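Peer 1:
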Amino acid sequence: MPLSHSKHAVLFGGAGFIGSHLINALSRGGWTMTVVTKHPHRHRSLLVIPSLKMVETGDLSSDYIGSLISESDTVVNLIGILNQSRIDTFAEIHASLPGRIAEACLQRKARRLVNISALGSDVNAPSQYLKSRAQGEQAVQSVIEKGLECTIIRPSIVFGPGDSFSRMFHQMLSMSPVLFPLILPKVRVQPVYVGDVVRCIAHAIDVKFTDQGKFDVAGPEIFTLREFVSLVDRFGGMSHKIVGLSPGLSKLLASFAQFAPGKPLTPDNLRSLQASVAIGEGMPEPYGVQPTRFESVAGEWLSPQIDKFDQFRTQAGR
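Position in the sequence shown (first residue = 1) + 799 = this note's numbering.
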């Protein structure tokens, strides 16, 4: 990974799933980092990394963003939400904020911006999540046209230690009896390993590369959702009979699940899955990353034999 030179990066949303893995890669490469996060007190464990400091997101106004990146040459925007609330909306977090960050980078002459979006983002997509991601890309693109060096990376569903997708199904399976009802069993997914996404980001921010444009990033395999959940079931040491639900029943389940604690499934999540995005080829050609198969690493966090702290050690790069 070409991260040997000493630079400073500001990571918006850097304490999240992908960000925590990126922090470890950048730290090993000699980078110093400012991690901008909504809840710094929840991520105190990251402060053991001497090259890192955390700051609270604040109101993320244009002036505040500018002050955060004033002495940085590299900025990565990892902020994203799966479900919106009255405070954190798709319109603000996905559609508006990326443009403000990009404009601040241009004004403060940051060397490079990497904006993380989502595979399948499209203004005509069936879900508000994917539409808002596309609107954010458009806002960033308008600043790129003014001269900003920026790469937009659009990963598929991301798996790895600490992920929410495979872990959600693992938890649901562990609480289920022999039969497990599954929404949209025939929908196709092409999940990508978090380590591969991090390598793509690291490539994009390296001083020797100036890749512009959008890059779709996905894994080497296309699964139906039934096939993927069956793998989670097997690696979790379980053996369920998976019963696929019809689109109508899946929609009904989502309409109820959106009111459960943590919103495990919402109608908008369902519409995002129904977009059934698979790109065939997994990694952008310029990045030269050999994509990782799910089965080659799933045991790291799904196996019932692993020590319960192992996935945290893996995530911390220990």
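Virtual Cβ for every residue (Gly too), placed ideally from N, Cα, C. Note that the coordinates shown come from a computational prediction; the quantities given were computed from them, not determined experimentally.
Kindly indicate the opening and closing residues of the beta strand (DSSP E) around residue 979.
Peer 2: Looking at the DSSP string, the run of the beta strand (DSSP E) that includes residue 979 is 978 to 981.
Peer 1: Leaving out five residues on either side along the sequence, give the residues of the same chain with a beta carbon under 6 Å from the beta carbon of residue 1072.
Peer 2: Counting only Cβ-Cβ distances below 6 Å, and skipping sequence neighbours, we find 983 and 986.
Peer 1: Inspect the beta-carbon positions of residue 993 and residue 952 and report whether they are closer than 8 Å.
Peer 2: Against a cut-off of 8 Å, the Cβ pair of residue 952 and residue 993 comes out as no contact.
Peer 1: With burial defined as no fewer than 16 other Cβ atoms inside 10 Å of the residue's Cβ, what is the status of residue 932: buried or exposed?
Peer 2: By the 10 Å Cβ count, residue 932 comes out buried.
Peer 1: Is it true that the segment 919 to 930 meets the segment 959 to 975, where meeting means three or more beta-carbon pairs spaced less than 8 Å apart?
Peer 2: Result no; under three Cβ-Cβ pairs closer than 8 Å.
Peer 1: Quick check: residue 845 and residue 808, are their CB atoms within less than 8 Å of each other?
Peer 2: No; because the gap between Cβ atoms is not below 8 Å, this pair is not in contact.
Peer 1: Restricting to runs no shorter than 3 residues, where is the beta strand (DSSP E) found entirely within the segment 809 to 838?
Peer 2: Counting whole runs of 3 or more residues, the segment 809 to 838 contains the beta strand (DSSP E) stretches 831 to 836.
Peer 1: Would you call the segment 886 to 899 and the segment 823 to 833 in contact, with 3 or more CB pairs under 8 Å?
Peer 2: With a cut-off of 8 Å, the segment 823 to 833 and the segment 886 to 899 do not count as touching, because too few Cβ pairs lie within range.
Peer 1: When the Cα atoms are used, what is the spatial distance from residue 954 to residue 1015?
Peer 2: Taking the straight line joining both Cα atoms gives about 6 Å.
Peer 1: DSSP three-state call for residue 953: helix, strand or coil?
Peer 2: Reduced to three states, the DSSP call for residue 953 is strand.
Peer 1: Is the separation between the beta-carbon of residue 810 and that of residue 818 shorter than 8 Å?
Peer 2: Cβ atoms of residue 810 and residue 818: closer than 8 Å.
Peer 1: Over the uninterrupted beta strand (DSSP E) stretch that includes residue 876, give me the two end residues.
Peer 2: Here the beta strand (DSSP E) through residue 876 covers 873 to 876.
Peer 1: Look up residue 1125 in the DSSP assignment and give the residues it is bridged to.
Peer 2: Nothing can be reported for residue 1125, as the shown portion of the chain is limited to 800 through 1117.
Peer 1: Do residue 872 and residue 880 have their beta-carbon atoms positioned less than 8 Å apart in this structure?
Peer 2: No, Cβ-Cβ distance for residue 880 and residue 872 is not below 8 Å.
Peer 1: Give the straight-line distance between the Cα atoms of residue 1078 and residue 1017, rounded to the nearest whole angstrom.
Peer 2: Approximately 7 Å, taken between the alpha carbons.
Peer 1: How would you label residue 838, buried or exposed, when you count the other beta carbons within 10 angstroms and need 16 or more for buried?
Peer 2: The residue in question, residue 838, is exposed, as its Cβ has fewer than 16 Cβ neighbours within 10 Å.
Peer 1: Just to confirm, is the Cβ distance from residue 907 to residue 865 under 8 Å?
Peer 2: Yes, these two residues count as a Cβ contact at 8 Å.
Peer 1: So, is residue 841 buried or exposed, given that buried needs 16 or more other C-beta atoms within 10 angstroms?
Peer 2: Flag for residue 841 reads exposed.
Peer 1: Could you compute how far the alpha carbon of residue 1041 sits from the alpha carbon of residue 1098?
Peer 2: Whole-angstrom Cα-Cα distance: 21 Å.
Peer 1: Are there 16 or more other CB atoms within 10 angstroms of the CB of residue 922, so buried, or fewer, so exposed?
Peer 2: By the 10 Å Cβ count, residue 922 comes out exposed.
Peer 1: When we look at the beta-carbon of residue 835 and count the other beta-carbons within 10 Å, is it buried (16 or more) or exposed?
Peer 2: Buried.
Peer 1: Report the rounded CA-to-CA distance for residue 855 versus residue 902, giving the unit in angstroms.
Peer 2: The alpha-carbon atoms of residue 855 and residue 902 are separated by roughly 20 Å.
Peer 1: Using the Cα positions of residue 1110 and residue 966, report the straight-line distance between them to the nearest angstrom.
Peer 2: Residue confidence for residue 1110 is low, a pLDDT of 47 falling below 50, so the modelled location carries little weight and cannot support an answer.
Peer 1: Which residues does DSSP pair with residue 855 in a beta bridge?
Peer 2: Its beta-bridge partners are 836.
Peer 1: Can you tell me whether DSSP reads residue 1013 as helix, strand or coil?
Peer 2: In this structure, residue 1013 counts as strand in the three-state DSSP scheme.
Peer 1: Report buried or exposed for residue 821, applying the criterion of at least 16 other Cβ atoms within 10 angstroms of its Cβ.
Peer 2: Flag for residue 821 reads buried.
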